[in-house]
Amino acid sequence: MTGSDTPPSFRLAYVPGVTPTKWVRIWNERLPDVPLTLVGVPAAEAFAALRTSDADAGFVRMPVDGADLSAIPLYTETTVVVVPKDHVVATVEEITTEDLADEIVLHPLDDVLPWETLPGRPAFERPATTADAVELVAAGIGVLVVPQSLARLHHRKDLTYRTVSDAPASRIALSWPEEKTTDLVEEFIGIVRGRTVNSTRGRQPTPPQPKQRKAAGSAGGKTGAKAGGAKSGGGKPAARSGGKPAARSGGKPAAKRGGKPRGRR
495 MTGSDTPPSF RLAYVPGVTP TKWVRIWNER LPDVPLTLVG VPAAEAFAAL
545 RTSDADAGFV RMPVDGADLS AIPLYTETTV VVVPKDHVVA TVEEITTEDL
595 ADEIVLHPLD DVLPWETLPG RPAFERPATT ADAVELVAAG IGVLVVPQSL
645 ARLHHRKDLT YRTVSDAPAS RIALSWPEEK TTDLVEEFIG IVRGRTVNST
695 RGRQPTPPQP KQRKAAGSAG GKTGAKAGGA KSGGGKPAAR SGGKPAARSG
745 GKPAAKRGGK PRGRR
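Each residue of the sequence shown is one higher than the one before, counting from 495 in the numbering used here.
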């Protein structure tokens, strides 16, 4: 696959919040001879990692940066607000952005949500990272709106989160450089798309024996005996045609024709 003496390998980048465990497990089952290396990267650096060959493919957050990268959208995340457990929002299951109008909503520099209008009131300064923003929420400085996967990633016992129904959502995609769509990239695309090992694009299993062999063997055995044996020509069926049926046509029926009708004349 590689065309060189270097053993094949595959490097997979992923942004915070994505859990690639399922796909990595399937890869290891199907291609045990090709090691897969995970490369964790910040969301803002994911596309650079693909362009500089630090990774062969990667799970990124859309939109994809540039026409030179191919992408397959996979799923859209639920957006939630992270609050202290004793916050009034924690008493309901779901809110809207209007419910945050009086709240200080933290907006970290690495925010991944495509906001058109930020909800709530802004903080005096923006936290550098989502992790920093979570610490400020725990300190009672404000609340934080993020994809649910990031809320889980930065989970704390003193915090909780609730769904924000009308907030923008983050979409996860598998991306790779268009000009570097290698066989291994195709293999991983097939895994992510749910293709089975028998798929035309996957590695093919050993082909089964042709069915014609079985048909030929059966034609010369029992099937042949039925076609040219006792039932068709010289067995019991022949005895039926030359036995009792013949006796019926030349026995009692003939006697009936030559008996009483002649007496009446």
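Built from N, CA and C at the ideal position, the CB exists for glycine as well.
Here the structure is a predicted model, which is why all the values come from computation and not from measurement.
Phe618 sits in coil when the DSSP states are folded into three classes, being neither helix nor strand.
For Trp609, the three-state secondary structure derived from DSSP is coil. One alpha carbon belongs to Val583, the other to Leu594, and they sit about 9 Å apart. Using a Cβ distance threshold of 9 Å, Thr573 and Ala661 count as a contacting pair. Taking Glu588 as the centre and dropping the five residues before and after it, the same chain places the C-beta of Thr657, Ser659 closer than 6 Å to its C-beta, in chain order.
Counting only runs of at least 4 residues, the stretch 534 to 575 fully encloses the following alpha helix (DSSP H) elements, listed from N- to C-terminal order: 540 to 545. Beta bridge pairing from DSSP links Arg665 with Thr570. Here Arg689 carries a coil assignment [DSSP, helix/strand/coil].
In this structure, DSSP gives Val679 a helical state, which the three-state scheme calls helix. Remark: three or more beta-carbon pairs, one from each stretch, lie closer than 8 Å, so the stretch 551 to 561 and the stretch 501 to 514 are flagged as touching. Setting aside the 5 residues that flank it on each side, Pro602 is surrounded in the same chain by Arg620, Pro621, Ala622, Thr623, Thr624, Asp626, Ala627, Leu638, each with a C-beta closer than 8 Å to its C-beta; the list follows chain order.
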